[in-house]
Amino acid sequence: MRSADELAEQAGDWSLMRLLLARPSSSWRKQLLAESTDTVDPELTSAVQMAQAEGNDYFHEVLFGADGLLTSRESDYRFERDRGAVIADLEGMRERFGFSWEGTEPADHILALVGLMAHIVTLQAVAVRDDRIGEALYLEGIAEWLRRGHLAWFAEQIAGALNATQVCYLSHVAHALEQRVLPAGERGKPARRPSESIRDHELKNS
């Protein structure tokens, strides 16, 4: 298992990716600079630098808006599963782990999923730091379930769409997302694992 510091760094990178994909606001650029101070990922560092000049509200709406160019919801790729079931899975996960989503995006939106991953990894880092190893292992399983059971279903398509925009900072985010969700051996393959029940990751004696 990774150390608490390594996990905290990972959680920070997930949080930074979420912010990079969010709608630019008046404080967005300053937030990016503040949140990027601890990252060692060159893709994310470059994304933050490029976003200072490239990020704008109009482009975000064209890409992520209701009629945007990017299909940004997991359920739009899950033809074998009802949208309500996908959302119920994720909303149950939010409630269970105390994740409060401040955005307006639905639970299966890429922004919400990346934010949820940052939250889960943060909880794991705290558990490791407090020497609650059983809880940390459980959260590690939850993070893996979120990656393989949800994000992997559409991360490759999202990354491809971001790359196709030819906007430099989004291309860097696309590469960072792929590296985390689809390790080298899994890229180019559809994520064919159906979403698993959260109960499958319960600790046997919890």
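Quick note on the working numbering: the sequence shown kicks off at 9 and runs consecutively.
The C-beta atom is built at its ideal place from N, Cα and C for all residues, glycine as well.
Just so you know, these numbers come straight off a predicted model, no measurement behind them.
In the DSSP assignment, find the alpha helix (DSSP H) that holds N171 and state where it starts and stops. A163 to A172
CB contact check: E110 to chain B, cutoff 7 Å: Here chain B cannot be found, since the structure has a single protein chain.
When we look at the beta-carbon of L77 and count the other beta-carbons within 10 Å, is it buried (16 or more) or exposed? exposed
Spell out the partners DSSP gives H117 in its beta bridges. R81
Buried or exposed: where does R200 fall if 16 or more other Cβ atoms within 10 Å of its Cβ makes it buried? With a pLDDT of 40 at R200, under the threshold of 50, the modelled position of this residue cannot be trusted; read the value that follows with caution. So R200 ends up on the exposed side.
Burial state of F107 (16 or more Cβ within 10 Å): buried
Alpha-carbon spacing of W153 relative to S11, whole angstroms: 20 Å
Considering only residues of the same chain and omitting the five flanking positions on each side of A133, which have a CB-CB separation below 7 Å? A12, L15, A16 and A19
Kindly indicate which three-state DSSP category L190 falls into: helix, strand or coil? coil
By how many angstroms is the C-alpha of R102 removed from the C-alpha of G142? 20 Å
Checking 7 Å against the spacing of the C-beta atoms, do L119 and R31 come in under that value? no
Nearest-angstrom beta carbon gap, W36 and G63 [assumed within contact, 8 Å]: 7 Å
V189 beta carbon less than 7 Å from that of A163: yes
Boundaries (first-last residue) of the alpha helix (DSSP H) holding G92: R91 to F105
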